[in-house]
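Q: Numbering follows the UniProt record's numbering, with no gaps: position 222 of the sequence shown is 222.
By construction, the Cβ of each residue, glycine as well, lies at the ideal position given by its N, Cα and C atoms.
Dropping a structure here in structure tokens format, bear with me for questions.
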Amino acid sequence: MADARDIPVTPSEPPLRRGEGLAAWRQIADALAGEIGSGALPAGGQLPTEAALAKRFGVNRHTVRRALASLAERGLVRATQGRGTFVEQAPLAYPIGPRTRFSETVTRAGREAWGDLLGARVLAADAETAEALGLAPGAAVVEMLTRHRADDTPLSTARTSLPLPRFAAFDAAYARLGSITRAFGAFGVDDYTRLSTRVGARAASAEEAARLDIAPGRPLLTVTSVNVDGRGQRIQATQSLFSADRVELILE
């Protein structure tokens with residue numbers, strides 16, 4: 001079967017207007033945005049290649065690249081290194097309540113959930129982390145940097161701290177299992193609940209944008225939380241960053 005990216009695209013609009021003061025890349029972006037809005041380019045679908053779009057609109061690939069960057073800045077498409085450009089899907093409803101579970105939320109939406117371990121280290125807890133976990137300042141914790149995906153789309157990235165020695169090698173369990181809940185289960189924590197949640201918003205830095213496959217400056221929803229085990233002991237302090245274009249937080 002032919003790859004959809006290589007199928008010639010027949011223009012549905014008049015040729016680009018030249019000499020009217022409207023840049024070619026903007027006309028291309030507006031045309032593609034219209035097709036996304038109408039469903040001609042469906043949510044989750046892959047756009048034609050830069051070469052195919054350049055042929056369609058009669059421009060060079062640099063002009064197409066500028067148009068796609070504009071769509072990414074508007075939150076309409078997502079460019080993935082080595083795979084192409086995809087239409088963003090509708091925001092995922094993400095409830096935050098006493099038992100917030102990323103994997104369960106994503107699975108209920110009919111999508112595949114997975115967490116990537118991007119890095120881990122053992123360090124002395126700063127004052128904020130120590131207070132969140134009920135530890136003395138300087139106590140040892142394991143800190144993980146993670147990214148959480150629905151299918152292949154990153155929804156959030158987080159820094160999570162857990163007390164030591166109780167959760168020594170938790171990062172290895174997480175890397176293997178792809179889920180905080182499953183990793184806790186490997187450490188005998190069969191249930192845990194949310195003690196506190198704070199929600200805010202800000203713009204994505206270049207580093208955060210790269211982790212989430214979004215344009216720098218796109219809005220992020222910030223969620224700072226603390227979880228406790230069945231005995232009420234504090235086991236997890238997390239600072240999560242959600243792409244505001246991809247999730248709708250619901251406070252329960």
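With which residues is ALA120 paired in a DSSP beta bridge?
A: In the sequence shown, the residue the question calls residue 120 occupies position 120. Bridge partners of ALA120: MET144.
Q: CB-CB under 6 Å to TYR174, same chain, minus the five flanking residues each way: which ones, in chain order?
A: Counted from its first residue, the sequence shown places residue 174 at position 174. Excluding sequence neighbours, TYR174 sits near LEU117, ALA183.
Q: Under 8 Å: do the region 219-238 and the region 191-200 share three or more Cβ pairs, one atom per stretch?
A: Short answer: they touch.
Q: Over the uninterrupted alpha helix (DSSP H) stretch that includes THR107, give me the two end residues.
A: Position 107 of the sequence shown, counted from the start, is the residue given in the question as residue 107. Segment 102-108, the alpha helix (DSSP H) holding THR107.
Q: DSSP beta-bridge partners for GLU252?
A: For the purposes of this step, residue 252 is taken as residue 252 along the sequence shown, with counting starting at 1. DSSP lists no partner for GLU252.
Q: Is ALA91 near GLU208, with beta carbons less than 7 Å apart?
A: Looking up residue 91 in the sequence shown gives position 91. Looking up residue 208 in the sequence shown gives position 208. A small fix is needed here, since residue 91 is Pro in this sequence, not Ala. Not in contact: PRO91 and GLU208 (Cβ atoms no closer than 7 Å).
Q: In the region 49-108, which residue ranges form an unbroken alpha helix (DSSP H) of at least 4 residues, counting only runs that do not cross its ends?
A: Fully enclosed alpha helix (DSSP H) runs of 4 or longer: 50-57, 61-73, 102-108.
Q: If we call anything under 7 Å between Cβ atoms a contact, is VAL141 one with ALA158?
A: Reading the sequence shown from its first residue, position 141 is the one you call residue 141. Reading the sequence shown from its first residue, position 158 is the one you call residue 158. In this structure, ALA158 does not lie closer than 7 Å to VAL141 by Cβ.
Q: Using only the alpha-carbon positions, how far apart do GLN239 and ALA132 sit?
A: Residue numbering aside, residue 239 sits at position 239 when the sequence shown is read from its first letter. Residue numbering aside, residue 132 sits at position 132 when the sequence shown is read from its first letter. In a straight line, the C-alpha of GLN239 is about 11 Å away from that of ALA132.
Q: DSSP three-state call for PHE167: helix, strand or coil?
A: Here residue 167 is taken as the residue at index 167 of the sequence shown, counted from 1. Three-state DSSP puts PHE167 in coil, outside helix and strand.
Q: With distance defined between alpha-carbon atoms, name the residue in THR224, ARG147, GLU128 nearest to ALA139.
A: On the sequence shown, residue 139 is found 139 positions in, with the first residue counted as 1. Closest option to ALA139, Cα to Cα, is GLU128.
Q: Below 7 Å between beta carbons: does that hold for LEU68 and THR85?
A: What you label residue 68 is simply residue 68 of the sequence shown in a count that begins at 1. What you label residue 85 is simply residue 85 of the sequence shown in a count that begins at 1. For LEU68 and THR85, yes; Cβs fall inside 7 Å.
Q: In whole angstroms, what separates the C-alpha of ALA204 from that of SER70?
A: Here residue 204 corresponds to residue number 204 of the sequence shown, with the count starting at 1. Here residue 70 corresponds to residue number 70 of the sequence shown, with the count starting at 1. Rounded to the nearest angstrom, the two C-alpha atoms are 16 Å apart.
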